[in-house]
Structures are given as C-alpha cells and as structure tokens.
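Visitor: I'd like to ask you about the structure that follows.
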Amino acid sequence: MSEKESKKASIKELSPIDVYMLLPKTNCKECGEENCMAFAAKLVNREMTLEQCPPLLKKENAKAYKDLWEMLKPPIKEVSIGSDDQAIKIGGKYVMYRHEFTYTNPTAIAIDVTDEMLDEEIVRRVKKTQQFSYEYIGSTLKLNMIAIRSTSNDPDKFKTCVRKVAEHTKMPFILCTFDPKISEAGLMAAPKAQPLLYAATKDNWKDMAELALMYKCPLAVFAPNNVTLLRSLAKTLLQYGVKDLVLDPGTLSGDGLGAMINNFTMIRRAAAKRGDEILGFPLIGTPIATWIENPEASAEVNSWNEAYLAATLIDRYADILILHSTEGWVLLPNVVLRQNIYTDPRKPVAVEPGLRVLGTPNENSPVMFTTNFALTFYTVASDIESGGIDSYLLVVDSEGIAVDCAVAGRKLTAEKVAEALKEAKMEEKVKHKKLIIPGKAARLSGEIEETSGWEIMVGPRDSSDIPKYLKEKWNSS
Amino acid sequence: MLEKESKEELQNLLDLLNRFEEIELEDVEMEIGDLELWLQSSVAAPRVMPRVSPAASPLKARPTSILQADFIPPIEKYPGQIAEVTLGATKSQGGSRGKSLTIGGERAPAFYLFETSTPNPPIISLDVFDTTIPLAKPVKTHFKEVLGDPVAWAKLAVDRYGADIITLHLISIDPLVNDTSPSEAAKIVENVLQAVDVPLVIGGCGDPKKDLEVFEKVAEVGAGERFLLSSVTQDMDIERACAAAKKHGHAVLSFTPMDLNQARQLNRRLYDFLPKEQIIMDTTTAALGYGLDYAFTIMERARLAALMGDPELQHPMSSGTTNAWAAREAWKKMDPEWGPRELRGPIWETVTAITLLLAGVDLFMMMHPAAVQTLKDIIGKLAAGKSVSSERIANWVPTKI
Ligand code: SF4
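Going line by line, the protein sequences match chains D and F.
The numbering of the first sequence is my numbering, which starts it at 1 and goes up by one.
The numbering of the second sequence is my numbering, which starts it at 1001 and goes up by one.
Encoded structure:
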C-alpha cells in the first residue's frame, strides 16, 4: 500500500464488531470470556491481548492474527531502549488526547553527562539520577536514563565516559553525538547496551543508520524546526531498514516556543488522527537546549526555563526528555506532572481504605473520617498535617468517590462508617467515642450515631477549616 | 544576543527568584485554598484508530540519498467558536478603566498556531485580598507590606508586578470572618477603583447568599465598569445574580465542580438572563499533584467540545491557578534535595498554569510574581508567533554548558 492510501485509513473508530469478525468465532471460552464478542470488546479496550485467545495462535489463523495485530497496534510505535530487563519502553500511544484512552509509557526522563566532565562529576550525576525517588500516591516517581554527550569531539574520551557511566548504572543510555565515529566509539564501550543513538541528521543519516542496524539500536532523528525534513529523513531511514525511530523536531525556547508546540502537536496529530505511519514514532524533547540558547543567563534562570519547558513538553506529547538540571525543584514538579498526565482517566484514583495515624495521637486525640477518593484523602490529610494536629483519620471505602457524591449515590453509608470504626478498633485506641464527620456528610450524622453508637460531631465542609474547627470545638469539648 | 527588553525581563525574574536568599525560613504559614471536592466526571469511551496493514512491500534497495517526503500540516475545521468577553470599561465605554481587555474568540484549540493565530491572548489577574489571610511563605514575602490593605495591595500588583487586571477577593464579607456588610464591601471596591485603573474581578467568599447580596451592591456602585463577578454557582439565586450583572453591565463567572454536565447545566440557566458575551466559565482548578489531571482533561474536553459545536461550552475559561499552592510540595519546607520552597512554590504554580494554558484557559487568577511573569512572557511569545532560527540548538549536543 502506498503512503497516500495508508493516510486515508483515517478517523474511523475501531469497533468490537470489526475485531470480532476476525476472531475464530467458536465461543470456546478458552480466553476466559463468555464468548468471542466479549473478548473483542476487551481487546478494543486494551484490557486483554490477542495472545490470550489460544485458537488464534494456531497456524491456520496466522493471517487473522496478523490482521488483528495491525488493526490493534498503536498509531505511535512502541520503542524499546536498553537491553533486556533494564530496557525502557517509550511511545506505544493509542491516542492524541488523554481523555480518549490512557496514555501508555510515561515520558522517560534522562539527565546528561559529558565526556569532558570530571569523573567525580559524572559519577555524582549518575548516582543522583539513579537515586532520585519521590513517594507519591502510593507510587515511586523516578528518573529513567542517562544521556551521554560528546563535547570533546574525541572518540576515546567518549568511550571512556560511556564505560564510566556503565560501571555505575544499569539505566539505559542515550548516546548523544552527531559524529558517527564518536557514536561508534561509545557503542564499542557498551556493545550490548542498545542505547538510543542521538541523532541522525541530514548530514550523517547514512552512517548512523548503519550503526543502528549493526548494534540493534533505536535511532533518534533530528531536524530542528523542519517537519518536512524530519519526515523525509524518517522515510529514508525506514526504507534503509531502521525500524525503531524517535523523532526530534527541536526543543526551541524563547521566541521559538510557539513553533516548538506547533511541531510536536502537528506530528502527533498526523500520526494519531491521520494515520501517518512515517510520523508514528515516539517524540523526544531536549529542554537542556535552553542552556545552550541562553549562555548569558544564570544557572538559576536556565533551570527555571528548563523546568517549564519540560512541563510543556510532557503536556504536549514528548515521550522522552533530556534535562541538564538535577535540582530537586526542577525535577519534582515534572515527575509529578508526568504521573498526573499518565494516570487512567477512566478510573477514579483511589487510596486504600483503613486507618491513618497522623502525627502522634493519644487516647484523647480526635477521630475523623474521609473517603478513599485519592484527592479527597490527600487534601484532608495535608490540611490536618499542615495544622500540626495529632489525630486518627479513618479512610472509608466509597469506591473512590468524593464525599458529597458518595453520600448522594449511597456509596458512603452509616454502615460502612460503623464497620470502618470497628475494623480499626477505634474503641481501644481512644477513650472519648466521638467521631468528627465531614460537613458534606452532615445528613448521615443521625444514622451513623445510631449504627455505630459513637457521638457524632459535624466537621467543616472544607477540610482547610479543620484546624480552626478543632481549636474551637475539640479543645474545649 | 538578548534584546534590551528581554534582558530586563530576565533581570526581573532573577530578582524575584533571588529574593529567596533574603528571607528567613520561618515556620510555615499557609492556606489550602478552596480546593473543592468535585464530582466524578463521566469518561468518554476510549477511541482507537485502526490502521490498515500495509501489504508486504517487496524489499527495496537501500536509499543512497534522502528520499523527499512532503508534510501537509494536519488542519482541522471547527464548526464552533468561543464567545468573546470584554472585562473593564474605559470612559468612552461607560466606565473609568484605563483600558478594557477582551478574551475568548478562539476558533481552534489553544496554541494550534498552525491552524489559526490566537485571537485574544490569555490574560493574568493578580489576586488581592481585602483582609489579612494566611499565605504560603514564598508568596507572602512579596506582599508582606500590603497585607490587610487592599488599596495598597492593588497598587503593588499593578505598579510593581504589572498586573493587567486584578481580582479583589472580598474575603471579609464571610459571615464566619468579619461579616463585612454589602455597603462596606462596596466602599472597598470603590477605593480600589480609585487607586488603580485596570479592570476588576470581584471575588466573593463562597457563601452563596452573602455573595449575592454583596454582588448586588457592588454591581450598582461599579455600574458600567464591566466587572467580572466571581462567581455564580449552582446554589445561588441565579436570576438575581444575573439581574445585577445585566442591569449594571457586568460579566459573571459560571463556576462548577469538575463535571462538564454541571457546567453545561449552569450555563444553560444563565442563558435565560444573560447573553453569552457576559459569561466566563470555570470548571475548577486543582493543583499539580492534587487533581491537575482532572482539571486539565475537563478543560481540554470542554474546549474541544465547544469547538466541535457544543453551544453550552463556548465560553472563555478561567482558572483559579493560585490553587496550585494547595499542594504541599509548593509551600512546605522539604529536605534540601528538593530545593528551597521559594523556588519550588512558584515553579509549582507556573507548571500548573502552563498545563492549563495548553488546555485552553483564557483568564488566570494567580499569586506569585515570578509565576505571573513567566506565564506572561510565555503567552507573549506564543501570541507573537515569531519565526525563529534554529541555528543554535541545531548544535546543542557538543556545546558545553
Ligand atoms: S478463546 Fe478465542 S475463540 Fe475462544 S471464545 Fe475466546 S476469543 Fe473466542
């Protein structure tokens, strides 16, 4: 099929019927579903994979399997960087907007080192990247890769640098140099590492393609602010036999911000909405480039600009970022933003129900409850903590729904509250038997009192008023 | 090389950032803002794009030169347009402001500059409070000399921090705070009107009854000034609120929890009394890390739906971006590895703002001067849409930092 035709395979939505038509249609239930139609629905929702239908894997169904695979594959190719178990996957996205379907493979973040840095500096940066970790709503936010740049223009220096980095980490690398000789020197230092080669340009594409094929590496393609050239290069490299590309339309800061957003947006739309297979690859952003664009600016200002450029690119489709700053205040908002943008928009984010001990409460401390909608919980907990209040906070299972809707929808009931009190053995922990309930659950107060036998105090409607409320109502009670 | 103007900008930002070195780090004082508990939004069915399998092509020879490919920008046609809303009125428009500001009017998603230029760049309003309130430390340091004095605060916001518009939050009217009477509140508004000549957003305290009484009085004393009354909510007497806006020529902010259906519903009720050009909508802003994903997606969906023709969502969007400070990572002292909150806080607000800028927000209500200046700078650059040279970054890889 020609390029034009594949573009025409446009915005028709994939329906379970289309998928069903290609399944074995025997309703044998081997997949665990009631019938093939149910399995088709799960496939379309990405809740199951083709390999879970054993009959489909038989030889006689090879064509159907292949057609289904094509039909279900993401418009943005999934590309793997690094070797074996340490590899990281990027791209693999099915949609442009996150409300359409959960984004897969959170933006990988790389920190740079150069072959002219002192050894201690290299090791320090590698360690810092590797050890970066932040606990957030039950997950650990981390950095993912090391970008090794050749600034010396000396293959031997680059080789030494790659070796040094490889000694200290198993994180995947990006080898950054436009000189294929230097790139090869780096590859020789870690021949099995399957790093991302950055980057093929209009001048070096052929040699870089050879390296990518020889060392089985994914290859980045760089054509700053020129999508036509980027697409031409991608087309050429695909034809050359390189299968895994990563596209870089250039991270422009300052006056180029609009152009940068344009380029990323156009490419992602062409791939996700128009079926352009040549542009259907992960995108790489390089906020580090702002340091090079503004050599006069202070480190603080460059870090500041880098921080918001990174955020802009996380919002607008970047699948990998290369950053220079290792400042916590630069990285933290970005790893949190990444976590936010890559959550499943179909599911409410819930926390585990149960008792939370805030501060060091004693038998006279207040007992409060809230629901297990993650945001409600974290807001309430943060309000209580910021008020420096030692207390017990009971998280009642409302199926991840906020207080007011949970009350209205009967997801939060007096029985559930009473049960939570019992399960947490609250009667043994405090001697007052008074429960403070959210203001938005006020209409359950009578019922809860009856069911649980606890005295109910109706708290404020907004958790930010909890410290004030306790000062007035608890200390005096 | 840097032009003079941008050099000054840089210097300003530097000054703002560097102030963290001057202030002593005392124990935290903070405010969690009005983080609303919101309803779960319904979620669109996932959409997946099928692609037809390219027939196995015969192995072609490896190219020896670059194969030319074309690229046609993927332009979309949108049947809908966002209403234009003007805030503030000059003398000739019946008010006393130095200038008026118009937002909205979009015919494409935010900053899809390859489709259309931005008709009216988004604007930033600085928050001004009429009474002393607890503020996050990194914010407070920039406003400490004006706390509790809304007139001085407004002047500072305009003169030093270059606010184009300010939001006067009448917190003191809250029956649980000072219970300031409507006529006293109107007096505060009049004083601020005299002190600065930028358009005003009038913020209430969140009590629908008291806010309404105050809005009615304020609308009257500010007749013709084209305030934005912030905000009209589902539990308010809509008819009365709209009557006040209509009679005295003000706009209203239609505020709902994060749920498109509720937003549509409230807007529909407003249409009985007000034209579209007097309504801005706010679907609630949550902080980065505390629900920004919901806020972002609801706004992005609202804007796309509006452009695709949904008549009930075709309004400029407003965001209470100051809510970013509800995130503990913004205001709290943390281990040194996370940097001083004097930088972490404003970048938190900045990242929250940029994310919502890309979702389509037209009016930002913000707090920290460095965040405000950064966003202003970004909007300016995006709106100018200059063509750029990519020479420098083309060689970023081997360049030493
Ligand atoms: S295993 Fe395959 S053939 Fe059997 S019911 Fe499931 S989908 Fe149908």
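Beta carbons: idealized from backbone N, C-alpha and C, even for Gly.
None of these values were measured; they are calculated from a predicted model.
Considering just the uninterrupted stretch of the beta strand (DSSP E) at A108/D, what are its terminal residues?
Guide: Per DSSP, A108/D belongs to the beta strand (DSSP E) from A108 to T114.
Visitor: Could you check the C-alpha separation between V1192/F and M1236/F for me, to the nearest Å?
Guide: Cα-Cα distance, rounded: 26 angstroms.
Visitor: Provide the residue span of the beta strand (DSSP E) that contains L175/D, from first to last.
Guide: From DSSP, the beta strand (DSSP E) with L175/D extends over F173 to C176.
Visitor: Within 10 Å of its beta-carbon, does L1035/F have 16 or more other beta-carbons around it, so buried, or fewer, so exposed?
Guide: Low per-residue confidence applies at L1035/F: pLDDT is 27, beneath 50, and the placement is therefore not dependable enough to give any value.
Visitor: Against chain D, does G1203/F count as a neighbour if the rule is that its beta carbon must be under 8 angstroms from one of theirs?
Guide: Not closer than 8 angstroms to any Cβ of chain D, the Cβ of G1203/F fails to qualify, so no.
Visitor: With distances taken from CA atoms, which of G275/D, K181/D and A223/D is nearest T201/D?
Guide: The option with the nearest alpha carbon to T201/D is A223/D.
Visitor: At what residues does the alpha helix (DSSP H) containing F158/D begin and finish?
Guide: Per DSSP, F158/D belongs to the alpha helix (DSSP H) from P155 to H168.
Visitor: Report the residue from I288/D, V330/D, V44/D and M48/D whose alpha carbon sits nearest the alpha carbon of V95/D.
Guide: Comparing Cα-Cα distances from V95/D to each of I288/D, V330/D, V44/D and M48/D, the minimum goes to V44/D.
Visitor: Are the CB atoms of L321/D and T107/D within a distance shorter than 8 angstroms?
Guide: Yes, the pair counts as a contact, with Cβ atoms nearer than the cut-off.
Visitor: For T102/D, which residues from the same chain have a beta carbon less than 6 angstroms from its beta carbon, with the 5 sequence-adjacent residues on both sides left out?
Guide: Excluding sequence neighbours, T102/D sits near D344.
Visitor: For L196/D, go through chain F and note every residue whose CB falls closer than 9 angstroms to its CB, in chain order.
Guide: Here the premise fails: no neighbours, minimum Cβ distance about 13 angstroms.
Visitor: Should R231/D go down as buried or exposed, given a rule of 16 or more other Cβ atoms within 10 Å for buried?
Guide: Looking at its Cβ environment, which holds 16 or more other Cβ atoms inside 10 Å, R231/D is buried.
Visitor: Give me the Cα-Cα distance between P74/D and P155/D, rounded to the nearest whole angstrom.
Guide: Distance between the alpha carbons of P74/D and P155/D: 38 angstroms.
Visitor: Is there at least one Cβ from chain F nearer than 8 angstroms to N262/D's Cβ?
Guide: Chain F, which has a Cβ nearer than 8 angstroms to the Cβ of N262/D, makes this yes.
Visitor: Please identify the residue among K142/D, K416/D, V407/D and D85/D whose C-alpha is closest to the C-alpha of R443/D.
Guide: Comparing Cα-Cα distances from R443/D to each of K142/D, K416/D, V407/D and D85/D, the minimum goes to V407/D.
Visitor: Does any residue of chain F have a CB that is nearer than 8 angstroms to the CB of A270/D?
Guide: It does: the Cβ of A270/D has a partner Cβ on chain F nearer than 8 angstroms.
Visitor: If you run the structure through DSSP and keep just helix, strand and coil, what is H1169/F?
Guide: Reduced to three states, the DSSP call for H1169/F is strand.
Visitor: Please state whether DSSP places K89/D in a helix, a strand or coil.
Guide: Note: K89/D maps to strand in three-state DSSP.
Visitor: Since R1392/F meets chain D, which of its residues come closer than 7 angstroms, beta carbon to beta carbon?
Guide: Those within 7 angstroms of R1392/F in chain D are I292 and E293.
Visitor: Go ahead and pull the three-state DSSP assignment for F1215/F.
Guide: Helix at F1215/F.
Visitor: My understanding is that A147/D touches D112/D, with C-beta atoms under 8 angstroms, so please give their C-beta distance in whole angstroms.
Guide: Rounded, the Cβ-Cβ distance is 4 angstroms, consistent with contact.
Visitor: My output table needs one value for E1106/F: the three-state DSSP class, helix, strand or coil.
Guide: Coil.
Visitor: Mind listing which residues have their beta carbon within less than 7 angstroms of any non-hydrogen atom of ligand 1? Chain order is fine.
Guide: Residues with a Cβ closer than 7 angstroms to any heavy atom of ligand 1, in chain order: L23/D, P24/D, K25/D, T26/D, N27/D, C28/D, K29/D, E30/D, C31/D, E33/D, N35/D, C36/D, F39/D, C53/D, P54/D, P55/D and L56/D.
Visitor: Report all residues from its chain with a CB closer than 7 angstroms to the CB of A350/D; omit the five preceding and five following residues, and keep chain order.
Guide: Cβ within range, chain order: N372, F373, A374 and G400.
Visitor: Quick check on DSSP: helix, strand or coil for E100/D?
Guide: It is coil, neither helix nor strand.
Visitor: Taking Cβ positions only, does Q1068/F come closer than 8 angstroms to chain D?
Guide: Yes, its Cβ sits closer than 8 angstroms to a Cβ of chain D.
Visitor: Along chain D, in chain order, which residues have C-beta atoms closer than 7 angstroms to that of Y1290/F?
Guide: The contacting residues are L375, Y378 and T379.
Visitor: Using CA coordinates, which residue listed in I1066/F, P1063/F and L1087/F is at the minimum distance from G1224/F?
Guide: The option with the nearest alpha carbon to G1224/F is L1087/F.
Visitor: Could you check the C-alpha separation between E423/D and M368/D for me, to the nearest Å?
Guide: Their backbone Cα atoms lie some 15 angstroms apart in a straight line.
Visitor: Would you mind sorting N262/D into buried or exposed? The rule is 16 or more other CB atoms within 10 Å of its CB.
Guide: Looking at its Cβ environment, which holds 16 or more other Cβ atoms inside 10 Å, N262/D is buried.
Visitor: Taking C-beta pairs closer than 9 angstroms, name the residues in chain F that A259/D reaches, listed in chain order.
Guide: Ordered by position in chain F, the residues that pass the 9 angstroms Cβ test against A259/D are L1113, G1385, K1386, S1387, V1388 and S1390.
Visitor: If I measure Cβ to Cβ from R1047/F and keep anything under 6 angstroms in the same chain, skipping five residues before and after, which residues do I get?
Guide: In this prediction, R1047/F scores a pLDDT of 40, lower than 50, which makes its location untrustworthy; the coordinate-derived value is nonetheless stated afterwards. Correct list: empty, nothing qualifies.
Visitor: Compile a chain-ordered list of the residues in the segment 218 to 240 of chain D whose CB is closer than 7 angstroms to at least one CB of chain F.
Guide: Within the segment 218 to 240 of chain D, the qualifying residues are P224, N225, V227, T228, R231, S232, L233, K235, T236, Q239 and Y240.
Visitor: Taking the beta strand (DSSP E) that G354/D falls in, what are its first and last residues?
Guide: G354 to L358 is the extent of the beta strand (DSSP E) around G354/D.
Visitor: Is DSSP giving L1274/F helix, strand or coil here?
Guide: L1274/F: coil per DSSP, three-state reduction.
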